[in-house]
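Undergrad: Here's a structure for you.
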């Protein structure tokens with residue numbers, strides 16, 4: 001999704017990371033929409049999609065001059081905040097005809113302020129990023145950016161809090177805390193992306209192509225392995241989800257021209273944000289149409305692909321309209 005902190009010129013753009021964002025956008029859709037057994041096999045990868053976006057955003061925050069990093073963070077806050085508010089309002093209006101106003105308690109308002117979830121869950125990403133950016137901007141202002149790496153160990157918190165909670169509960173899987181928040185995701189993965197940029201020359205020493213293949217295989221094998229051990233239940237990410245995301249971003253950083261000029265690069269650069277924001281709305285419409293015409297099996301077997309393509313078409317029209325009006329809010 002288009003939430004990087006710095007607008008890149010053609011000379012500084014990294015094609016491979018745009019391709020990674022395209023893949024991330026598809027994985028987000030696949031994580032929410034059915035697609036037969038294909039989704040079952042690749043589901044662990046879908047839980048690495050958001051970390052991909054966070055790491056890429058953190059990567060583009062880095063500058064040797066922390067004042068520039070602070071400026072980039074604040075520019076991104078000013079960009080993301082209206083997107084978050086506009087898309088949240090869109091989904092609130094979307095459910096009004098059938099459900100009316102569902103915001104009836106102060107507890108719901110507090111939940112919205114903490115997690116960014118008002119009428120739909122998937123916008124938690126934007127609130128988490130906003131919270132992390134505010135803290136990072138403050139740290140950059142205090143010239144404390146060198147300590148951002150201290151956030152990286154928080155990567156284990158979404159694992160221990162959900163899927164791997166059995167390690168600390170005596171073998172029982174239960175949700176110890178809600179893991180989809182800024183502390184579990186935005187802070188550690190943006191800090192990791194920032195650190196990757198800071199120590200980029202060291203990344204070239206590792207065989208990231210092989211590590212990416214290995215992490216992909218591990219991510220796919222991990223789920224059936226846990227099931228065979230009796231730990232197949234529980235929400236939250238897998239270890240392989242994170243290893244895959246980290247390896248993909250590191251591979252992209254060390255293979256910057258991969259995918260240059262491709263359709264996938266264009267999707268990642270221009271449309272991945274709108275695909276993320278509106279795929280739930282597209283899924284609602286597509287699901288209703290397919291059910292109405294009496295072929296629900298198509299949605300079960302190919303829903304994610306249909307919704308992704310529909311979201312891409314919608315994203316194209318949104319960007320075209322914004323270009324004509326010279327108003328660039330959603331990107």
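In the UniProt record's numbering, the protein residues as written are 1 to 331. Note that the Cβ used here is the ideal one computed from N, Cα and C, for glycine as well.
Can you tell me which of the three DSSP states residue 240 falls into?
TA: Within the chain shown, numbered from 1, the residue matching residue 240 stands at position 240. Residue 240: helix per DSSP, three-state reduction.
Undergrad: When the Cα atoms are used, what is the spatial distance from residue 315 to residue 277?
TA: What you label residue 315 is simply residue 315 of the chain shown in a count that begins at 1. What you label residue 277 is simply residue 277 of the chain shown in a count that begins at 1. Going from the Cα of residue 315 to the Cα of residue 277 covers about 9 Å.
Undergrad: Which whole-angstrom value describes the C-beta separation of residue 300 and residue 36, a residue pair presumed to lie in contact below a C-beta threshold of 8 Å?
TA: As a working note, residue 300 is residue 300 in the chain shown. As a working note, residue 36 is residue 36 in the chain shown. That pair is a contact at about 7 Å.
Undergrad: At which residues does the alpha helix (DSSP H) containing residue 137 begin and terminate?
TA: The residue labelled residue 137 in the question sits at position 137 within the chain shown. From DSSP, the alpha helix (DSSP H) with residue 137 extends over 124-141.
Undergrad: Which value, in whole angstroms, describes the spacing of the CA atoms of residue 200 and residue 326?
TA: What you label residue 200 is simply residue 200 of the chain shown in a count that begins at 1. What you label residue 326 is simply residue 326 of the chain shown in a count that begins at 1. For residue 200 and residue 326, the distance between alpha carbons rounds to 36 Å.
Undergrad: With residue 57 as the anchor, note down where its alpha helix (DSSP H) starts and where it stops.
TA: Walking along the chain shown from the start, residue 57 turns up at place 57. Start and end: 49-59.
Undergrad: What ranges does the alpha helix (DSSP H) occupy inside the segment 77-122, keeping only unbroken runs of at least 4 residues that lie completely in it?
TA: Counting only runs of 4 or more, we get 106-115.
Undergrad: Quick one: grab the DSSP three-state call for residue 13.
TA: Position 13 of the chain shown, counted from the first residue, corresponds to residue 13. Three-state DSSP puts residue 13 in coil, outside helix and strand.
Undergrad: Taking 7 Å as the limit between beta carbons, can you name the residues of its chain near residue 244, skipping five residues before and five after?
TA: As a position in the chain shown, residue 244 is number 244, starting the count at 1. The residues are 45, 48, 215, 216, 219.
Undergrad: The alpha helix (DSSP H) that contains residue 279, what's its start and end?
TA: Working through the chain shown from its first residue, we reach residue 279 at position 279. Run containing residue 279: 272-292, per the alpha helix (DSSP H) assignment.
Undergrad: Grab me the residues of residue 317's own chain with a C-beta within less than 6 Å of its C-beta, minus the 5 sequence neighbours each way, in chain order.
TA: Here residue 317 refers to the residue found at position 317 when the chain shown is read from its first residue. Cβ neighbours of residue 317 beyond the five flanking positions: none.
Undergrad: CB residue 262 to CB residue 25, shorter than 7 Å?
TA: Working through the chain shown from its first residue, we reach residue 262 at position 262. Working through the chain shown from its first residue, we reach residue 25 at position 25. Not a contact, by the Cβ cut-off of 7 Å.
Undergrad: If the criterion is Cβ atoms closer than 7 Å, does the pair residue 212 and residue 241 meet it?
TA: Within the chain shown, residue 212 is the residue found at index 212, counting from 1. Within the chain shown, residue 241 is the residue found at index 241, counting from 1. No, these two residues do not count as a Cβ contact at 7 Å.
Undergrad: Apart from the five residues on each side of it in sequence, which residues of its chain come closer than 6 Å, Cβ to Cβ, to residue 184?
TA: Counting from 1 along the chain shown, the entry for residue 184 is found at position 184. If we look at residue 184 and ignore the five residues flanking it on each side, its Cβ neighbours are 157, 158.
Undergrad: Taking residue 191 as the reference, which of 73, 260, 42 has the closest Cα?
TA: Numbered from its first residue, the chain shown carries residue 191 at position 191. If we check each option's Cα against that of residue 191, 73 comes out closest.
Undergrad: Taking the beta carbon of residue 55 as the centre, do at least 16 other beta carbons fall within 10 Å, making it buried, or is it exposed?
TA: Sequence index remark: in the chain shown, residue 55 carries index 55 (1-based). It is buried - the Cβ of residue 55 has at least 16 other Cβ atoms within 10 Å.
Undergrad: What did DSSP end up calling residue 307 once you bin it into helix, strand or coil?
TA: Residue mapping note: residue 307 aligns to position 307 of the chain shown, counting from 1. If DSSP states are grouped into helix, strand and coil, residue 307 belongs with the helices.
Undergrad: Thinking C-beta only, is residue 265 closer than 7 Å to residue 18?
TA: The residue you call residue 18 lines up with position 18 of the chain shown. The residue you call residue 265 lines up with position 265 of the chain shown. Closer than 7 Å, so yes.
Undergrad: Could you name the residues of the same chain whose beta carbon sits closer than 7 Å to that of residue 39, not counting the 5 residues immediately before and after it, in chain order?
TA: Start at 1 with the first residue of the chain shown, and residue 39 comes out as number 39. Cβ neighbours of residue 39 beyond the five flanking positions: 30, 304.
Undergrad: If you draw a straight line from the alpha carbon of residue 10 to that of residue 177, how long is it in whole angstroms?
TA: To locate residue 10, count along the chain shown from 1; it is residue 10. To locate residue 177, count along the chain shown from 1; it is residue 177. Any answer about residue 10 is weak, because its pLDDT of 41 lies below 50 and its placement is not dependable; what the coordinates show is given next. Taking the straight line joining both Cα atoms gives about 43 Å.
Undergrad: Of all the CB atoms in chain C, is at least one closer than 7 Å to the CB of residue 222?
TA: Among the protein chains of the structure shown there is no chain C, as only one such chain exists.
Undergrad: Beta carbon of residue 15, beta carbon of residue 236: below 7 Å?
TA: If you number the chain shown from 1, residue 15 lands on position 15. If you number the chain shown from 1, residue 236 lands on position 236. No, the Cβ-Cβ distance between residue 15 and residue 236 is not below 7 Å.
Undergrad: Following the continuous alpha helix (DSSP H) through residue 188, name the residue where it begins and the one where it ends.
TA: Position 188 of the chain shown, counting from 1, holds the residue named residue 188. Element bounds for residue 188: 187-198.
Undergrad: In terms of residue numbering, what span does the alpha helix (DSSP H) encompassing residue 44 cover?
TA: Along the chain shown, one-based indexing puts residue 44 at 44. Taken as a continuous stretch (DSSP letters only), the alpha helix (DSSP H) holding residue 44 covers 36-46.
Undergrad: Is the Cβ-Cβ distance between residue 145 and residue 66 less than 7 Å?
TA: Sequence index remark: in the chain shown, residue 145 carries index 145 (1-based). Sequence index remark: in the chain shown, residue 66 carries index 66 (1-based). Result yes, Cβ atoms of residue 145 and residue 66 sit closer than 7 Å.
Undergrad: Give the straight-line distance between the Cα atoms of residue 293 and residue 34, rounded to the nearest whole angstrom.
TA: Within the chain shown, the letter at position 293 stands for residue 293. Within the chain shown, the letter at position 34 stands for residue 34. Rounded to the nearest angstrom, the two C-alpha atoms are 18 Å apart.
Undergrad: Put residue 259 into one of helix, strand or coil per three-state DSSP.
TA: The count along the chain shown starts at 1 and reaches residue 259 at position 259. In this structure, residue 259 counts as coil in the three-state DSSP scheme.
Undergrad: Throw me the rounded Cβ distance for the residue 179 and residue 162 pair, which I believe falls under 8 Å.
TA: To locate residue 179, count along the chain shown from 1; it is residue 179. To locate residue 162, count along the chain shown from 1; it is residue 162. Between residue 162 and residue 179 the Cβ distance is about 5 Å, and since that is below 8 Å, they are a contact.
Undergrad: Please list, in chain order, all residues of the same chain as residue 6 whose beta carbon is under 7 Å from its beta carbon, the five residues on each side excluded.
TA: Position 6 of the chain shown, counted from the start, is the residue given in the question as residue 6. With a pLDDT of 41 at residue 6, under the threshold of 50, the modelled position of that residue is not reliable, and the figure given next carries that caveat. These residues qualify, in order along the chain: 60, 72.
Undergrad: Buried or exposed: where does residue 312 fall if 16 or more other Cβ atoms within 10 Å of its Cβ makes it buried?
TA: For this step, residue 312 is matched to residue 312 along the chain shown. Buried is the call here.
Undergrad: Restricting to Cα atoms, I'd like to know which of 225, 128, 151 is closest to residue 182.
TA: On the chain shown, position 182 is the one that residue 182 refers to. Checking every option, the nearest Cα to that of residue 182 belongs to 128.
Undergrad: Assess contact between the segment 248-257 and the segment 201-209, defined as three or more Cβ pairs (one per stretch) separated by less than 8 Å. Is contact present?
TA: Verdict: yes, contact present.
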